[in-house]
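This report concerns only the one structure given below.
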Ligand code: PMP
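In the UniProt record's numbering, the protein residues as written are 23 to 441.
Below you can see the structure in the form of structure tokens.
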């Protein structure tokens, strides 16, 4: 039945579909960490809708909050509901700095708003962003997104952007991956012939998501914080993929003990019900009425899911679980995979990447495609990432039962060792 439904989808929908090209199934239902297709095949889900359904499909705790809200009201514009203020209070308590919230609808929208706020408060224009980054592909965010391949589809994008290398330990051309890049940025900002006096914000992912689960060495984010302080430039952290516990901290910036000035939040905060927002320093809050608008902002169903998500993570101590199991998975993969094409295995919490290469570290994207296909055949969903599509990326639900997690890891190990 799956193939018939996929065929119909192709008849009705755009030729630009992406995911059905990798996962040739039609989904019937999902529960916890598994997905069932319309033919009754069961899959262990290590994709979670790209780190969205982090607390498992159909999580009863989330469902109860959403159902309660469903019976009250679904859409209110910005006119407050009780759930809206409860969510805002709870979210702000997790950030570690005094902030205000502006609701948005998607990840890209949250980045648009974050950058706009930085430009507004500084009255400057240039945004520092990084090679290999992903911040969305709207006309605005495309300028900040580092991956060039998206640009040919939309040649009109933000030109006030300065791109710098991102510390990529496996592929670092510098002597000192962190400090050399930081020096470069500092030099550019301090030099009137280059960016001096122009920079409105530094926009960074604490771990690059789409870019290949690239984990910068400790000290990078801290160094950016210092530069931001030195020149009074807002530090904008994009936590769209890393946030809400994915790396084993509520926010990935907390690994470095810093606080940003602006945080972009989306994906798993609504557990699949669209909800996103930007949180910014309280003293930036002199924004004019209608500064950033949108009909769906702060949807009550999303807010109910969001409040349930934050409570759930706290109540069931999800963060220490992710740290513990993330390390266990990482060391097992490192110890038990022996394949000359596996160039690097890296991870932080439940963001785990396996980079495939030919000789000389040349990217091996065909291998990743094959691993995704073979996993699917064996009942496991994994996906790709990376500038060259050569990283297998694992993003299991934060709640996945330990046994199921390692059943999935066994499948992947077997594929990498034997296929
Ligand atoms: N920022 C990051 C770090 C992301 O990973 C993504 C999506 N993968 C976005 C922004 C864009 O989010 P959306 O697709 O909801 O626009």
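Even glycine gets a Cβ: it sits at the ideal position worked out from N, Cα and C.
| query | result |
| --- | --- |
| Considering only their Cβ atoms, is the gap separating residue 109 from residue 427 smaller than 9 angstroms? | no |
| Report the rounded CA-to-CA distance for residue 250 versus residue 280, giving the unit in angstroms. | 12 angstroms |
| Quick one: grab the DSSP three-state call for residue 286. | strand |
| Note down the Cα distance separating residue 157 from residue 175, rounded to an integer number of angstroms. | 16 angstroms |
| Evaluate contact between the region 116 to 135 and the region 158 to 177, counting only Cβ atoms and requiring at least three cross-stretch pairs below 8 angstroms. | yes |
| As a quick exercise: from 197, 83, 218, pick the residue whose alpha carbon is nearest that of residue 338. | 83 |
| Where do the N-terminal and C-terminal ends of the beta strand (DSSP E) with residue 190 fall, by residue? | Here residue 190 belongs to no beta strand (DSSP E), and DSSP marks it neither H nor E. |
| Within this structure, are the beta carbons of residue 293 and residue 76 separated by less than 9 angstroms? | yes |
| If you reduce the DSSP assignment to three classes, tell me which class residue 109 lands in. | helix |
| Out of 403, 350, 360, state which residue places its alpha-carbon closest to the alpha-carbon of residue 424. | 350 |
| Does the beta carbon of residue 180 fall short of 8 angstroms from some heavy atom of the ligand PMP? | no |
| Note down the Cα distance separating residue 168 from residue 183, rounded to an integer number of angstroms. | 10 angstroms |
| On the criterion of 16 or more Cβ atoms from any shown chain inside 10 Å, does residue 62 qualify as buried, or is it exposed? | exposed |
| For residue 368, name the three-state secondary structure that DSSP assigns. | strand |
| If we count the other Cβ atoms within 10 Å of its Cβ and call it buried at 16 or more, is residue 254 buried or exposed? | exposed |
| For residue 56, which residues does DSSP report across the bridge? | 53, 66 |
| Can you grab the Cα-Cα spacing for the pair residue 417 / residue 70, in whole Å? | 7 angstroms |
| Do you know offhand how far residue 222's Cα is from residue 319's? | 25 angstroms |
| Just the Cα atoms here: how many angstroms apart are residue 37 and residue 107? | 41 angstroms |
| Which residue from 39, 60, 74, 139 puts its Cα closest to that of residue 301? | 139 |
| Answer yes or no: do residue 50 and residue 59 have a C-beta to C-beta separation smaller than 9 angstroms? | yes |
| Skipping 5 residues on each side, what residues in its chain have a beta carbon closer than 6 angstroms to that of residue 119? | 281 |
| Below 8 angstroms on the Cβ atoms is my guess for residue 437 versus residue 44; work out the distance and round it to an integer in Å. | In fact, because the Cβ distance is near 15 angstroms, the residues do not count as touching under 8 angstroms. |
| Per DSSP, residue 421 is paired with what? | Residue 421 pairs with nothing; no bridge assigned. |
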